[in-house]
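Numbering (the numbering used here), first residue to last: 2 to 155.
Structure first, commentary second.
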């Protein structure tokens, strides 16, 4: 089984939902690499360490980027463009405008552009992580060929 890189992102009003989901799925998540934005990364790490009752050098593979409004969404988007993310779990808050809405839209756009599996709510995250394609099967998403767009004239 190839380790996947799972990006975990949550807006403030959805962090509790994401942490509950992480606690429920920590055994699967610890078998993979995780990338998180800002505070979400600290909360994810704390929740998993609590579940594993670990201290100190825990060996978890978690990369913490900047907070979303401080550029973390853009950092994550760049990683997606470079093919370094396999799955995006992004619990965003549909009821509250964010100061970085344009960054959020750009992150979701780039995820769709690169055919990345995305979960924006817990139900979809559950479906995604329990799919036979998630573990046990080698799966390479088909990325649309944009060469004609790149090579267009003027």
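Think of the CB as a built atom: it goes at the ideal place given N, C-alpha and C, for glycine as much as any other residue.
Residue i and residue j closer than 9 Å at C-beta
i	j	result
residue 129	residue 118	yes
residue 90	residue 29	no
residue 35	residue 9	yes
residue 12	residue 92	yes
residue 38	residue 5	no
residue 31	residue 80	no
residue 122	residue 142	no
residue 126	residue 74	no
residue 69	residue 105	yes
residue 45	residue 19	yes
residue 52	residue 27	yes
residue 40	residue 3	no
Residues bridged to residue i [DSSP beta-bridge criterion]
i	result
residue 92	11
residue 64	36
residue 125	Paired residues: none, contrary to the question.
Residue i (DSSP reduced to helix, strand or coil)
i	result
residue 154	coil
residue 120	strand
residue 6	strand
residue 107	helix
residue 112	helix
residue 21	helix
residue 54	coil
residue 70	helix
residue 145	coil
Residue i burial status per 10 Å Cβ neighbour count (16 or more: buried)
i	result
residue 49	buried
residue 83	exposed
residue 132	exposed
residue 146	exposed
residue 120	buried
residue 134	exposed
residue 151	exposed
residue 113	exposed
Contact test: residue i Cβ vs the ligand MG heavy atom, cutoff 8 Å
i	result
residue 44	You won't find the ligand MG in this model; it holds no ligand whatsoever.
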